[in-house]
Structure formats: structure tokens, C-alpha cells
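Working notes, beginning with the structure itself.
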Amino acid sequence: MTVIDSSRPPAGPARRVADSRPSLLLGEHSLCPGCGEPVALRVLLEVLQELEIVQRSIGVVGHGCYGSFVRIMDVDVLQCLHGRAPACATGIKRVRPTCVVFTLQGDGDMANEGLQEVLHAAARGEKITCVMLNNGVFGDTGGQLTATTVLGQRTKTSLDGRDAETHGYPIPVAELVAALRGAAYVARGAVSTAAAVAQTKRMLRRAFETQLSGAGFSLVEILTMCPTGWFVSAREGPGYLGDSMERAYPLGELTR
Amino acid sequence: MERELVVTGIGGQGIQLLAKTLALAATREGRHAMLSADYGGEMRGGPSRASVVIGDSPLRALPVLASAWSAIVAHHRFSEPALARLRPGGPAIVNLPLVDPSSLPPMVVYGVDAAAVAASVDAPQAIGFVLLGAYNAVTRLVAPESLAAAMEELLPPYRKQHAAANARALAAGAVAVRPARRAGAEVAG
Amino acid sequence: MTLELLEGSEAIAASAIAAGCRFFAGYPMSPFTGLLESMSRLLPAVGGVCLNAESEIEGVNMALGAAAAGARAATGSCGQGIALMQEAIAEAALNETPFVVFNMARNQQDYFQSTRGGGWGDYRTITLAPKDIPEAVEHAQLAFHLADKHRAPVIFYGDPLIAQTRVGVSIRPLDFGPLPPKDWALDGTRSGTGKSRQIWTWAMGKATDPGPGPDRHWRAIAAKFDAIAKVEARHEQAHVEDAETLVVAFGSAAKFVEYVVAELRAEGHRIGWFRPVTLWPFPGEALAKATAGARRVLVFELNAGQMLDDVLIHAADRSAVRFIGGVSIAESGLAYGELMDAPVIRDRILAAVGEGTRS
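So, in C-alpha cells, the structure goes:
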């Protein structure tokens, strides 16, 4: 083995032979430091590439901080009305059944505004893959309570912490969807640790494989950090997610 | 030349079906037809009204008829709105004895005891077709074969066994229809 | 040309399919239900999809998705259900997704809903108002053509008479002229190429290929609708040249007015009629010309006065305009009341004519 002489500067400019950023990302995101959503986007795009389904992929993106992803995803994309992505995705998939159709929605989008849409799409067994980025807060509008905000969580509309008596109980979307026969694959992952990210990526892969096999509806709920909405620092985000969201929403596959 | 028919009776008398049969018969003959229906929610005994317009060119008639040339009156109940639209002098078929011919405006009135005629040809449920057969015999709006063919075409699979009885009812109505006597009014000639 | 005796709803469904409609989603509501059932029966045979959506909101968003993917798609309801679809109609107008909305309305009270819109933003909606089933058959196809021509949603305004009357009709595909290709439609083929597509009301484009952004885009959309207004207004009129009295009506009411006016003319009245065929763009210029010589402009519609606003805006002389319509609903709430009837309309016109001229 030869030893590389590094005492002198390189002879020429570096030649890029590999890029760890998915080529489907057209630019930088503009979300908060410590936000989990860009991590989720990244693994989703990697899965599309690894499955070699990019050139038949169509995304339907809802409204939230992640809404800006329509600018940086190199995928044919429809930015749709709040909550309605599963309905729009149904229309797309039914007229282009060979395309791979996915939705990208936050918890406010899917569990609040759009609970009906996702439940019915799942019940109908639509061959689409819905992805819910769950941070338990309406981040884009400044951090209000959503249907998935955990008990005790302070938000702009639950300043003393979510209290069952006043605000009711959070809704576990993955469990609701998994109860429906049309849902062929339902899983919940997180992006708070490296291991969780890897597991989430596997879940996304299985979800898209489910769509490709024609078995039915697939949903991956991904717990994401929102330090700004949670009033914690970026560094504390992952730990806070583990202590709060993960206790209310267990990770794992709910159907196979 | 457009011909309008208003049909009025109660639910269960086959009003809607007889109107539809006539409209389909005309359509199958290549002519223009329009059919409107008006009925309440009850399956039996409520008001049932229909109107048919037949012509040889695209119809001018409105979906709510301003006036009508002819009528089939299957029952006296709920019949006032239909009778109010009739232009005097056209033909009217009444179902005897349920309808009193002198209750009509000045029309050329014919009558047939549809229930008795239907029973006599072993088609007790086909009084609507008896009336239709009678009407067509008087007005000759369509060919009798067209009526029979339309009747068969409209039978759903689970009613096909009634085709022969219905055909008998159409034919018997055509034969049994008579001018109806109106107290103090002219008899149809 | 063989005639088929079809209920209006069936005829409209068959005609839409003849125009290439291959996706339909809707929620049952009288008198729209017949159209949904007809589509449900007819679409699978031609390889199309009909979904009984779980709400009107889902139905219109399904249609939006299907249209975004390039299909000729439609939804529908009656006015009460169209009310739920307002956001999506505005969205489609602003993100340029063409689909057809069949308002099989219960009456004429949805004129404002169709022409003023209850959605958000600066948009208009082309609205066709057929007067009878033969015209409905033509409009069912024209609606798709106009939607694709202008990349915008189009409303078809029907009613119970059009939905439920049966008439002998002949359905065949109609050719309204060439259309641009749908190269904007989402099909996945440009994903990963750096030139992937985007349908977005804000039109900001992608990081590597920026779009106009909401300011320039929404100005362009507004300008587009201004341009549409200049070319797509349609109307019909008769006996305008010598008319002292001009009756203005739309949809089925116009068919009744036409019938009554013919009768009155035969009795010597100098009377004519004017019918907007497109409720938007309202044929204002044509109405101004038609009303130029009239002493009386009588607006007849079965509502509390909606098209009346547009007549007042465009009539040559506002003071000549008189409203002779009104709300008129059947006991059931689901159909027209007594006002949709030739003798009643005749009486109203004669009463207005008898009242004398404008001073």
C-alpha cells in the first residue's frame, strides 16, 4: 500500500465522484434548525431513487412548513388544498394507475383538516402512499394545537399545556388507519435518532413496495422534531421527541 | 304537428309506465318524443301524473305543458291539475266507472272499464296498458306493433314473464274502447 | 340520426363521455343523483372511473387531481353541494386545472354562486346555462372544450327539468376546434430530470427554475379571465329589432319565455327576448345593444333577483329594467314552484306591459 504524500497541495481541482445529497433535491430547505421534516423528505426521495420509480412518481403536498418542499423536490408535484391530498392523490392514481403517487402532509393537514380524506382513502384501499409528518403542532402558523398534540404540550392555543378536560385527547392517526381493511401497510417511524431514521427509511420503502404490488393503501406516520413549536432548542429536539411524542405514539409497523 | 297527452291517476295504476311506453314507441318509430313525470313519495295511492309529447320535428313543447291536446284519466282523484290544462275538443279516455265522463271539460270522451277488460284477458295488473291500447286506437298516434314492442323493451328482466299478458291488455283496450255518454253533452261519433 | 329516449341526466352523462370524460366523482344529492348514477353505469365500460365520493369536498378534489394528471374529469352536485366545493373551484382557477362542475341545481337560485363565486382570490368561472336537454347535451361537451382551452374549471348550470325530463336525443362527439396539448399535466415522466412539473396556486416554481410567484401569477390569471370575457360570451335573442318590451331570462326559464313571447307576438305584441347562454362571461355588450330600443326590459328568473344585477349593469337604460321573477319552489323543496309555467309567465309579462312605459 502506498502512502499518500499530503505535504503539497493537490495537483488539480477535486473531481466529484459521489454526492451524498439525493439528486432529487434541487436546493436547500429554509426550515428551522433542528426541524425533522427535511430529514424525512430526504429519506423519502432516497427511497424513490433506490426503488427506481422516480420517473413515474407524482407527489401531492399539503400545507405547512413542508409546503415549501414543492420548490426543492425534483418530482412532478401538485400543491393541494389543506387536508385534501388523499382525495387529489386518488384522482391522479385512478387515471394514471402505473404512476407512483404519494402525499406529504403534516399532522394539522392530515389529522385536523383532512381526517376524513385519509380515512376514506384508506378504507377504499386506494393504491397511494400517504406520509404524515407529525410534530404535534401547527408549525407554519406559529405553533397552535393540532389533533395530535400530546397531553401536557404547551402550544399557542394551549398555553398551560394540553389538558384532556379542555382540549380533549390526541388522535393516533396510524392506529385509526390500521384498523381499516383497505390499509395494507401502516407504520410509524421517527427521525430523532440515526437508528430511527434508518428504520423510517425501511418503512417508507415497504410502503412504496406495497403500492407497487397493488395490495392497497399505505401510510407512514413520521414523528418529526419541531423545536420552535415545542419551545426547546434545536439540540434538545430529538430528546424531547423521545420523551413526549414517542411515549404517546409508539414506533413500529402496525400492519404488514 | 305536436300532440300532447296528459295522463293522470293514482300510484299503482301504471301511469308512469304507460306514458313511458308511448314515448318509447314514438322514439323507436324515429319521431321526437318528450316525457315528464310528476308523482309523490307513496308507492300506492298517491297522485301520479305524466305527460307525453310526440312530434315529427324537434319539439317546441315545454317540460311543464302549457296546454294539452288529449288526456287519459285513470282516476278522479288528483285529476284537477291535468284536466285544467286540456284544450277543448281533443280526445280523452276515461277509466270507467272510476271517472265520470261529465266531469271532464268539453272533450271528445271515450271510456273503457280498464279493470274489467284487464281481468277478462287474464292480465289483472295491466289496467294501464288497457288504457294505453284504448288511447292509441282512438288517436292512432303510433303503430300498435310499436306499442307492443316498446312495452316488451321496458320490462326489466324480473318482469319479462308479464309480456304476453301486457300485450293482451293493449289489444283488448283497443277493441273495448267506446264513446262515452256525457249527461247533456254530445256523444263522440 | 337515431334518437334515444333518455332522461336528461343520462343524456348529459353519455354526452360527457362522448367528449372524452373519463373520471367522475360525486356525492348523491337530488337532482344531481341521476347524473352520478348514470356515470357510475357508463364510465367503466369505456375504461373510465366513477367514484361515489364520501363528501362533495372529496369529490371535487378527486376531480382536481384527475384533471391535474391530464384526464378530462368532472364532478357535480346541486347548489348546496357546490357550496362546499368553492375553495377547490377557486384553487383550480388559480392553479389552472381544468375540470367541469355539473351543478344539477334545484332552481335558479345559484346564479350568484356561479358567477360571483364563493372561493378566494381574483378568479371567474365560465358558466354555461342550457335551456333544455338538447342544448344540455351540447353544453356537456362544450364545457370540457372550454375548460381545456382556457385551463380553468367550468360550471354547467342544469336544473330539475333538465335532469329528469326524458327526450329523444342523439349523442355523438362534437368538434369545437383544436386544443393545445396538456404538456403541463403531471405524469411523473419529468421527475428527476431537473425539469419536473409543478401545479401550485402560488406558482413559485422550483429552486432551479423559479416561477412568476403569486403576485405576477395572479395578475396573469386575472388578465386571462379578462381575455376570456372578451371572447367566450354567448347569447341568443329574437325579435329584438321591433321590440318595445324585451324579456331577459336564462336556462329553463328562457325556454318558457320563448314560448310565451311567440304566443304574445301572434297576438300583436311588440315583444322580444334575450337569453344569456353563458352566465359568465355575461353577454353585456350584446344586452346593451338589444335593450337600446326597448321601453321595458323585463327580467324573469326564479330567484329574488340575481341575473337582475347583471342586467342593471349592462342595460342601455337602467330605468327601463323591471323584475318580474321571484323565488318559486315546489312543496318538496327540490323543484320549481308555480312560476315555471307558461300561463303564469304570460300573466306577469302582460301585467308589466300594462303598467305603462318608462317616464
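Chains as they are written, first to last, in my numbering: chain A, 396 to 651; chain B, 250 to 438; chain C, 163 to 521. Glycine is no exception: its CB is placed at the ideal position from the N, C-alpha and C atoms.
Here the stretch 203 to 211 of chain C makes no contact with the stretch 362 to 382 of chain C; the two share fewer than three CB pairs at distances below 8 Å. Residue pairing by DSSP leaves Gln468(C) without any beta bridge partner. Bridge partners of Trp435(C) according to DSSP: Ala400(C) and Val409(C). Chain order gives no chain A residues near Ser276(C), where near means a beta carbon separation below 8 Å; the closest approach is about 20 Å. A straight-line Cα-Cα distance of about 39 Å links Leu528(A) and Phe274(C).
One thing to note: Leu419(A) has its Cβ within 8 Å of the Cβ of Val449(A). Note on geometry: alpha-carbon atoms of Val262(C) and Lys293(C) lie some 18 Å from one another.
Beta-bridge analysis with DSSP links Lys368(C) to Asp371(C). Closer than 8 Å to the CB of Gln248(C) there is not a single CB belonging to chain A. In this structure, DSSP gives Asn415(B) a helical state, which the three-state scheme calls helix.
In this structure the stretch 170 to 187 of chain C does not touch the stretch 398 to 407 of chain B; the number of beta carbon pairs closer than 8 Å is below three.
Interface with chain C (8 Å Cβ-Cβ cutoff): Met356(B) is excluded. According to the DSSP assignment, Val379(B) belongs to the alpha helix (DSSP H) that extends over Ile376 to Thr388. Taken in chain order, the unbroken stretches of beta strand (DSSP E) that lie wholly in the stretch 297 to 326 of chain C and span 3 residues or more are 316 to 320.
Around the beta-carbon of Glu329(B), fewer than 16 other beta-carbon atoms lie within 10 Å, marking it exposed. Setting aside the 5 residues that flank it on each side, Val627(A) is surrounded in the same chain by Tyr635, each with a C-beta closer than 8 Å to its C-beta; the list follows chain order.
One alpha carbon belongs to Asp305(B), the other to Thr276(B), and they sit about 10 Å apart.
The beta carbon of Gly279(B) falls within 8 Å of a beta carbon belonging to chain C, placing the residue at that interface. The beta carbon of Thr536(A) sits closer than 7 Å to no other beta carbon from its chain once the five residues preceding and following it are set aside. Leaving aside the five residues that flank Ala573(A) on each side, the residues in its chain whose CB is nearer than 6 Å to its CB run, in chain order, Val581, Leu649 and Thr650. Ranked by Cα distance from Arg601(A), the options Arg583(A), Leu618(A), Arg403(A) and Pro622(A) are led by Arg583(A).
DSSP places Asn265(C) inside the beta strand (DSSP E), whose first and last residues are Val262 to Met266.
When the alpha-carbon of Pro340(B) is set against those of Leu353(B), Val358(B), Pro350(B) and Pro354(B), the nearest one is in Val358(B). Listed along the chain, the chain C residues whose CB falls inside 7 Å of the CB of Ser285(B) are Thr327. DSSP places Asp388(C) in the helix class (H, G or I) of the three-state scheme. Neighbourhood of Ala320(B) in chain C, by CB distance below 9 Å: empty, with the nearest CB roughly 18 Å away.
Bridge pairing for Cys212(C): Phe186(C) [DSSP]. Using a Cβ distance threshold of 8 Å, Gly624(A) and Asn530(A) count as a contacting pair. Residue environment for Glu447(C): exposed (fewer than 16 other C-beta atoms within 10 angstroms of its C-beta). For Lys417(C), the nearest beta carbon of chain A is not closer than 8 Å to its own beta carbon. Identification of chain B residues near Pro296(C) by a Cβ-Cβ cut-off of 8 Å yields Pro307, ordered along the chain. Under the Cβ criterion of 8 Å, Asp503(C) is not counted among the residues facing chain A. Residue range Ser452 to Val456 is occupied by the beta strand (DSSP E) that includes Ile453(A).
Contact between the stretch 387 to 397 of chain B and the stretch 360 to 372 of chain B is absent, with fewer than three C-beta pairs closer than 8 Å. Contact annotation: Arg466(A) and Lys368(C) have beta-carbon atoms nearer than 8 Å. The C-alpha of Leu449(C) is placed about 59 Å away from the C-alpha of Ser608(A).
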